[in-house]
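Numbering (full-length UniProt numbering), first residue to last: 1 to 337. Quick reminder that beta carbons are idealized off the backbone N, C-alpha and C, glycines included. Remember, it's a predicted structure, so these values are computed and weren't measured experimentally.
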């Protein structure tokens, strides 16, 4: 008995065309030399599933500092939201010195690939608690934050406007879950003109007091204010501290309450730390979760752990090219696929 294999009789040119169609990269940006993937086929299948489900089933969850913002520009570090507060308008030289000492002590611990998240967690709490205590002592004025952001060298990643505008256009919610300072984070987005209604933020927010500085103080309760009201001075930070390694708790306690995120089981997650991988834990009944990790620093020491943890790893890539390309594909017309 002779078995015929049909494709053997297919002209070579046709076979090559079919092979090219099967192996072509539908998202060319994934072929960039800065892109690393452990399981490319799984990544592509996940993206295809998300595309078939459409934009109505998608949400994006992202870290902020060193994820939506650049890590460096012209070989110089770009400030995080905490670093932006290092401004003579807001804090004195002694506070600056102490904050930098804390950074030099704890940041190496945060990115130390040899330590577990469990080991790092109490030290991260210690770090941010000390920083917040220093900031509270400075009695930072709320009305000076916008100026401090404007005078800073804070920069969102190249392609940020396409990213924010595309999500807004397709009504895809963007949840930013940050261990930074929420008030500063909002101001950075606002000054870049991309604070659209679909953007939701979970972060460490400042608690400012509002006091009448003179006259008629006793009448404030009755709505009569004869004196001058202070613009607000930092007196505490609101709620539970959010740091790099407890974002799961922040996601579970806050994200589930956002009505806009319900019924969106597909998630594109962006982060720069292994701790960011838990940000999607607040999603109810997730179906497809695609994780993208920005590997900004100590590449060789951390490359293996990132490749084993994130679906896609972007090495020293200061752009939003890959996330934008993925979003374009997911939100494209299903009739064309």
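Are the beta-carbon atoms belonging to residue i and residue j less than 7 Å from one another?
i, j, result
"residue 47", "residue 267", "no"
"residue 67", "residue 271", "yes"
"residue 326", "residue 37", "no"
"residue 113", "residue 262", "no"
"residue 132", "residue 245", "no"
"residue 84", "residue 152", "yes"
"residue 206", "residue 247", "no"
"residue 65", "residue 81", "yes"
"residue 349", "residue 192", "The structure shown has nothing for residue 349, since the chain only spans 1 to 337."
"residue 121", "residue 109", "no"
"residue 157", "residue 319", "yes"
"residue 308", "residue 159", "no"
"residue 89", "residue 148", "yes"
"residue 95", "residue 58", "no"
"residue 233", "residue 139", "yes"
"residue 201", "residue 176", "yes"
"residue 321", "residue 29", "yes"
"residue 294", "residue 314", "yes"
"residue 208", "residue 150", "no"
"residue 144", "residue 73", "no"
"residue 167", "residue 127", "no"
"residue 164", "residue 194", "yes"
"residue 331", "residue 170", "yes"
"residue 298", "residue 91", "no"
Is residue i buried or exposed, if buried means 16 or more other CB atoms sit within 10 Å of its CB?
i, result
"residue 204", "buried"
"residue 188", "buried"
"residue 56", "exposed"
"residue 105", "exposed"
"residue 296", "buried"
"residue 317", "buried"
"residue 118", "exposed"
"residue 107", "exposed"
"residue 276", "buried"
"residue 264", "buried"
"residue 43", "buried"
"residue 51", "buried"
"residue 31", "exposed"
"residue 288", "buried"
"residue 172", "buried"
"residue 186", "buried"
Starting from residue i and walking both ways along the beta strand (DSSP E), at which residues does that stretch end?
i, result
"residue 208", "206-209"
"residue 178", "174-181"
"residue 293", "288-295"
"residue 167", "Counting along the chain, residue 167 falls outside any beta strand (DSSP E), though it belongs to the alpha helix (DSSP H) covering 160-169."
"residue 258", "That residue, residue 258, is in no beta strand (DSSP E); it is neither H nor E in DSSP."
Secondary structure at residue i, three-state DSSP: helix, strand or coil?
i, result
"residue 237", "strand"
"residue 194", "coil"
"residue 77", "strand"
"residue 224", "Confidence in residue 224 is poor, its pLDDT being 48 and thus under 50, which makes the residue's placement unreliable; the coordinate value appears in the next sentence. Reduced to three states, the DSSP call for residue 224 is coil."
"residue 246", "coil"
"residue 266", "strand"
"residue 345", "Summary: the structure shown does not reach residue 345, with the chain confined to residues 1 through 337, and so no result is reported for it."
"residue 40", "helix"
"residue 298", "coil"
"residue 318", "coil"
"residue 282", "helix"
"residue 88", "coil"
"residue 55", "helix"
"residue 46", "helix"
"residue 271", "strand"
"residue 338", "An answer regarding residue 338 cannot be provided, because it is not within the stretch 1 to 337 covered by the chain."
Looking at the secondary structure, which residues open and close the alpha helix (DSSP H) in which residue i lies?
i, result
"residue 324", "321-330"
"residue 109", "93-110"
"residue 131", "117-137"
"residue 150", "145-151"
What are the residues that DSSP puts in a beta bridge with residue i?
i, result
"residue 201", "176"
"residue 69", "156"
"residue 313", "36 and 293"
Does any heavy atom of the ligand GTP sit closer than 6 Å to the C-beta of residue i?
i, result
"residue 137", "In the structure shown, the ligand GTP is absent, as is every other ligand, since no ligand is present at all."
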